[in-house]
Each structure stands twice: as structure tokens, then as C-alpha cells.
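K.L.:
Quick one: this structure, given as C-alpha cells, is what I'll be asking you about.
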Amino acid sequence: MKITVVGAGAVGASCAQYIAVKNFASEVVIIDIKENYAEGKAMDLMQTASLMGFDTKITGSTNDYSKTANSDIAVITSGIPRKPGMTREELIGINAGIVKSVAESLIKHSPNVIIIVVSNPMDTMAYLAHKSLGLPKNRIIGMGGALDSARFKYRLAEALECPASDVDGMVIGGHSDTGMIPLTRFAVRNSLPISIFLSEERLEQVAADTKVGGATLTKMLGTSAWYAPGAAVSELVKAIALDSKKMFPCSALLEGEYGLNDISIGVPCILGKNGIEKIVELELTDAEKAKLQESAAAVKKTNGLLG
Numbered sequence: 142m143k144i145t146v147v148g149a150g151a152v153g154a155s156c157a158q159y160i161a162v163k164n165f166a167s168e169v170v171i172i173d174i175k176e177n178y179a180e181g182k183a184m185d186l187m188q189t190a191s192l193m194g195f196d197t198k199i200t201g202s203t204n205d206y207s208k209t210a211n212s213d214i215a216v217i218t219s220g221i222p223r224k225p226g227m228t229r230e231e232l233i234g235i236n237a238g239i240v241k242s243v244a245e246s247l248i249k250h251s252p253n254v255i256i257i258v259v260s261n262p263m264d265t266m267a268y269l270a271h272k273s274l275g276l277p278k279n280r281i282i283g284m285g286g287a288l289d290s291a292r293f294k295y296r297l298a299e300a301l302e303c304p305a306s307d308v309d310g311m312v313i314g315g316h317s318d319t320g321m322i323p324l325t326r327f328a329v330r331n332s333l334p335i336s337i338f339l340s341e342e343r344l345e346q347v348a349a350d351t352k353v354g355g356a357t358l359t360k361m362l363g364t365s366a367w368y369a370p371g372a373a374v375s376e377l378v379k380a381i382a383l384d385s386k387k388m389f390p391c392s393a394l395l396e397g398e399y400g401l402n403d404i405s406i407g408v409p410c411i412l413g414k415n416g417i418e419k420i421v422e423l424e425l426t427d428a429e430k431a432k433l434q435e436s437a438a439a440v441k442k443t444n445g446l447l448g
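Residues 142 to 448 (my numbering) make up the sequence shown, in order.
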């Protein structure tokens with residue numbers, strides 16, 4: 142199992158680290174346009190192998206995509222990150238060109254690769270990859286929902302004053318501060334509805350805090366977060382690599398599901414060796430459907446900026 146991570150910045154490096162530490166891949170290749178940057182990150186990570194107990198080989202390359210040949214899965218993290226006050230949508234002009242070029246280079250050397258898009262605005266970048274490459278829809282996946290759901294579970298555990306392992310919840314919709322839809326109605330604590338433990342008002346606050354999770358960290362850090370995004374990517378990669386059939390909300394190309402067409406947006410997906418094995422259609426309330434339609438309209442508006 143060979144994994145390529147494009148972009149050796151904070152997100153890409155943490156993604157490579159988590160994949161290596163989980164020890165399910167034989168090789169991870171990190172690639173970056175900055176001279177010797179990916180090679181340095183790879184060397185630094187390899188020097189943790191004996192300390193962390195993993196056998197995954199990590200190599201780096203400066204923009205030589207031949208080193209990525211025959212990758213099973215590739216992760217695209219390249220592009221500029223957010224700065225305080227920026228929306229994800231404002232990154233589109235620069236990142237669209239980068240993502241399109243990277244995706245085409247990956248396919249040239251790994252025609253059967255499954256691509257996970259992380260670069261923002263993520264839903265639009267995933268859609269761009271679909272339109273540029275013309276691959277089967279199961280082979281291009283947008284990462285956002287897995288990260289947003291992890292942030293939702295963090296906020297739920299915080300409100301409940303319990304371990305994160307005791308809660309479960311999901312965020313669907315667009316990967317944006319306004320487009321996310323934390324599904325509070327489905328959230329559980331050890332199989333019991335969260336509504337047993339938290340008031341409606343507190344749940345609404347949890348949902349609101351979840352939606353600005355990325356912006357909150359960007360303001361605090363001065364740039365985009367990287368630990369949780371890297372961990373979220375590694376879980377998607379692992380589910381595909383091990384053919385585990387785990388369910389994650391991912392940005393998938395919809396063709397009628399949820400009444401939506403010609404759009405990549407976050408919905409529950411079963412992941413396995415073929416990438417997206419199945420899109421799960423939830424029975425949403427009218428209010429939830431309305432929120433998803435609103436979120437989709439915003440994503441399509443951003444897609445329109447691709448030209």
C-alpha cells in the first residue's frame with residue numbers, strides 16, 4: 142500500500158505522520174514544490190520510526206511526480222492556508238490552479254489512484270478534481286466532513302464533561318463556517334440521544350461552536366489548524382487501505398442523492414478499497430433538508446467562481 146501526500150506543510154506533514162504511526166501502509170511519499178522541504182520532513186519523520194515503533198517507509202520529493210508512481214491513495218493538501226479573517230472561499234483563485242495541476246500529475250503516474258482532497262475551499266476543489274479528471278465518482282473524496290464531525294464530537298464531549306470516546310455525531314453539508322450542518326438530532330452518548338443530557342439551547346450552542354471550529358483556531362494560531370485535519374485524513378486513508386467499510390461524512394459527487402445534482406458536498410459515505418463504496422441517504426426532517434439545500438446553494442455559488 143503506497144500513499145502519496147502532496148504538500149509538506151503542517152497539514153500534509155501531520156497527515157503523513159499519522160498514517161505512518163498507524164502502520165498500515167508500506168510507503169508514504171511526501172511531495173512539495175519547495176526545494177528539499179519534503180525530503181527534510183520525511184527524514185525528520187523517519188527518525189521517529191524506532192521511537193514510535195512503525196515500519197512504514199517515508200520518502201520526500203521536490204516536485205518529481207515519478208516518485209509517486211503506482212500510489213494507491215493520494216492526498217492533496219497543497220495550496221495556501223487560511224489567515225485570520227479569511228473565509229475558505231477566498232482561497233479559490235490560487236488553490237484552484239494548484240489542485241488541478243496536482244491532480245493531473247498524480248493521475249499521469251498513478252492511473253488507478255484514489256484521491257482525497259483537503260485543499261480549501263474543499264467542496265469546490267473536490268468538484269474541480271471531478272470535472273478536470275473525469276474519474277469514476279467513487280475515486281475522488283473531499284475530506285471536510287470527517288474533520289467537522291471530530292470537532293462536533295469535541296464540543297459535545299466538552300458540554301457533557303465526558304470523554305470524546307463516549308459520544309458520536311456527524312456533520313454534513315458544505316465545509317464552510319455557514320454551510321456545516323451538525324446533526325444534533327442524531328448525536329448520541331453511548332447509544333443514548335444527546336437530548337437526554339443537554340438542553341436544546343446548549344445543543345444549539347454546541348452546533349454554533351462546531352461551525353466556526355476552523356475559524357476559531359485560525360484566529361488563535363494565525364493560520365489553519367493541522368493536527369485534527371491530519372488525523373481526519375489518516376482515518377479516511379486507513380478505511381480505504383484496509384477496506385474496512387467504515388462510514389464517514391465526506392464530500393462526494395451527488396447525482397440525485399438528497400435531491401442534489403452536479404455538486405460535491407458532505408454526506409455520509411461508506412469507505413473501502415474502491416474509495417466511496419456507497420452514499421448513505423439519511424431520513425432528514427424538513428428543517429434539515431432546507432439547511433442542506435441552503436448549504437448546497439452556497440457551494441454551487443463558489444463552484445461558479447471556477448470559470
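Even glycine gets a Cβ: it sits at the ideal position worked out from N, Cα and C.
Treat the numbers as computed from the prediction; the structure is a model and nothing was measured.
Going by the CB atoms, is the gap between Thr197 and Asn164 shorter than 9 Å?
P.N.:
Cβ atoms of Asn164 and Thr197: closer than 9 Å.
K.L.:
Within the continuous beta strand (DSSP E) that includes Pro409, where are the two ends?
P.N.:
Where Pro409 is concerned, the enclosing beta strand (DSSP E) stretches over Asn402 to Gly413.
K.L.:
Label Lys131 either buried or exposed according to how many other C-beta atoms from any shown protein chain fall within 10 Å of its C-beta, with 16 as the threshold for buried.
P.N.:
The requested residue 131 is not part of the displayed model; the chain covers only 142 to 448.
K.L.:
Reducing DSSP to helix, strand and coil, say where Ser260 ends up.
P.N.:
In the structure shown, Ser260 sits in coil (DSSP, three-state: anything other than H, G, I, E or B).
K.L.:
Determine whether the beta carbon atoms of Lys175 and Ala154 lie at a separation below 9 Å.
P.N.:
Cβ atoms of Lys175 and Ala154: not closer than 9 Å.
K.L.:
Could you pull out every unbroken alpha helix (DSSP H) segment of at least 4 residues lying fully inside the region 231-284, listed in chain order?
P.N.:
Segments of the alpha helix (DSSP H) lying fully in the region 231-284: 233-250 and 263-274.
K.L.:
Checking the sheet assignment: what are the DSSP bridge partners for Ile420?
P.N.:
In the DSSP output, where bridge partners are listed per residue, Ile420 has Cys410.
K.L.:
Can at least three beta-carbon pairs, one atom from the region 253-273 and one from the region 383-397, be found at a separation below 8 Å?
P.N.:
Yes, the region 253-273 is in contact with the region 383-397.
K.L.:
Would Val170 and Ser219 be called neighbours here (beta carbons separated by less than 9 Å)?
P.N.:
Contact: no.
K.L.:
Ordered along the chain, which non-local residues of its own chain (more than five positions away) have a Cβ less than 7 Å from that of Arg280?
P.N.:
Ile255, Ile256 and Gly416, listed in sequence order.
K.L.:
To the nearest angstrom, report how far apart Gln346 and Leu297 are at their CA atoms.
P.N.:
Their backbone Cα atoms lie some 10 Å apart in a straight line.
K.L.:
Could you give the DSSP three-state label for Phe389: helix, strand or coil?
P.N.:
If DSSP states are grouped into helix, strand and coil, Phe389 belongs with the strands.
K.L.:
Would you kindly work out how many angstroms separate the C-alpha atoms of Met187 and Tyr206, rounded to a whole number?
P.N.:
Between Met187 and Tyr206, the C-alpha separation is close to 21 Å.
K.L.:
Taking only the alpha-carbon atoms, compute the straight-line gap between Leu362 and Val329 and give it to the nearest angstrom.
P.N.:
Those two C-alpha atoms are separated by around 31 Å.
K.L.:
Where does the unbroken alpha helix (DSSP H) through Ala210 begin, and where does it stop?
P.N.:
Ala210 -> no alpha helix (DSSP H), and no H or E assigned at all.
K.L.:
Does the structure place the region 307-318 close enough to the region 282-292 that three or more beta carbon pairs sit under 8 Å?
P.N.:
Yes, the region 282-292 is in contact with the region 307-318.
K.L.:
Scan the region 335-401 and note each continuous beta strand (DSSP E) run of 3 residues or more that stays entirely inside, going in chain order.
P.N.:
List check, beta strand (DSSP E) in window: 387-396.
K.L.:
Can you list, in chain order, the residues of its chain with a C-beta nearer than 7 Å to that of Phe195? Leave out the 5 residues immediately preceding and following it.
P.N.:
Hits under 7 Å: Ala161, Val162 and Asn164.
K.L.:
Please classify Thr319: does DSSP put it in a helix, a strand, or coil?
P.N.:
Here Thr319 sits in coil by DSSP.
K.L.:
Answer yes or no: do Val440 and Ser306 have a C-beta to C-beta separation smaller than 9 Å?
P.N.:
Not in contact: Val440 and Ser306 (Cβ atoms no closer than 9 Å).
K.L.:
Compute the beta-carbon to beta-carbon distance between Ala380 and Met142, rounded to the nearest angstrom, for a pair I have assumed lies under 8 Å.
P.N.:
Not confirmed; about 12 Å, so no contact.
K.L.:
Could you name the residues that DSSP lists as bridge partners for Arg330?
P.N.:
Arg330 pairs with Val308 and Leu333.
K.L.:
Where does the unbroken beta strand (DSSP E) through Glu180 begin, and where does it stop?
P.N.:
No beta strand (DSSP E) contains Glu180, which is instead part of the alpha helix (DSSP H) from Tyr178 to Met187.
K.L.:
Give the straight-line distance between the Cα atoms of Gly354 and His250, rounded to the nearest whole angstrom.
P.N.:
Computed Cα separation, rounded: 36 Å.
K.L.:
Find out if the Cβ-Cβ distance for the pair Leu192, Ile217 is shorter than 9 Å.
P.N.:
It is not a contact, given that the beta carbons lie outside the stated cut-off.
K.L.:
Could you have a look at Asp173 and say whether DSSP puts it in helix, strand or coil?
P.N.:
In the structure shown, Asp173 sits in a strand (DSSP, three-state: E or B).
K.L.:
Need the endpoints of the alpha helix (DSSP H) that Lys432 sits in, please.
P.N.:
Where Lys432 is concerned, the enclosing alpha helix (DSSP H) stretches over Asp427 to Asn444.
K.L.:
In chain order, what residues of the same chain lie with their CB nearer than 6 Å to the CB of Thr200, ignoring the 5 residues before and after it?
P.N.:
Correct list, in chain order: Val170 and Ala183.
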